[in-house]
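Accompanying notes for the structure given below.
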Amino acid sequence: MPVIEYIGRKPFVTDRVAHSGKTWKGKGAVAEVTDAQATVLLKHPTEFRLAKGSKAPEKDELQATAESKSLDKFTAGELRDYAKRKFGKDLKGKATADLLDQVRELEAEGAVVDPSINAAD
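If you read the sequence shown in the numbering used here, its first letter stands for residue 428, the second for the next number, and so on.
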């Protein structure tokens, strides 16, 4: 698991970006997080960086798929996995077009559970 170092200016920080529940007590403090959480935190390079000697986060299959193609190219199974992981929701129905509509609605609502997964479009 990656170790993330806080490099910002605040004396105390609670993770409100990746929802890891971790806290850092000032600049230089470190905390171990999951690969998905590290991916999100590292998108804020003025506040967080990978600690020296720590392994970079690995992308899982769903993250790689989401980054490489747009939602309208997802299969029904990929749409189901995407909705479950990113939004914590189970999709209803079988038709890919219906599943895509449901995912688009979830994206519009913005209730994200795993912010590390973003589709290419």
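Positions of the beta carbon are idealized from the N, C-alpha and C atoms, including for glycine.
Host beta strand (DSSP E) of residue i (start-end)
i, result
"Leu-477", "475-477"
"Ala-456", "From DSSP, Ala-456 is part of no beta strand (DSSP E); its letter is neither H nor E."
Terminal residues of the alpha helix (DSSP H) in which residue i lies
i, result
"Val-430", "Run containing Val-430: none in the alpha helix (DSSP H); it sits in the beta strand (DSSP E), 430-433."
"Ala-491", "488-495"
Residue i - DSSP class collapsed to helix/strand/coil
i, result
"Thr-441", "strand"
"Thr-523", "helix"
"Thr-502", "coil"
Top-ranked residue by Cα proximity to residue i, from the options
i, options, result
"Trp-451", "Ala-463, Arg-436, Thr-461", "Arg-436"
"Val-430", "Phe-439, Pro-438, Pro-542, Glu-485", "Glu-485"
"Gly-515", "Thr-492, Pro-542, Lys-500", "Pro-542"
"Glu-534", "Thr-523, Lys-449, Ala-546, Ala-524", "Ala-546"
"Gln-476", "Arg-531, Gly-455, His-446, Gln-529", "The amino acid at residue 476 is misidentified as Gln; the sequence shows Arg. Considering only alpha carbons, the answer is Gly-455."
"His-446", "Gly-504, Thr-461, Glu-505, Ile-434", "Thr-461"
"Ala-510", "Lys-521, Ser-495, Leu-527", "Leu-527"
"Phe-501", "Glu-536, Arg-531, Lys-479", "Arg-531"
"Leu-557", "Ala-463, Met-428, Ile-544, Leu-469", "The requested residue 557 is not part of the displayed model; the chain covers only 428 to 548."
Buried or exposed by the 16-neighbour rule on C-beta atoms within 10 Å, applied to residue i
i, result
"Lys-519", "exposed"
"Ala-524", "exposed"
"Ser-497", "exposed"
"Glu-488", "exposed"
"Val-440", "buried"
"Asp-517", "exposed"
"Val-467", "buried"
"Glu-474", "buried"
"Thr-492", "buried"
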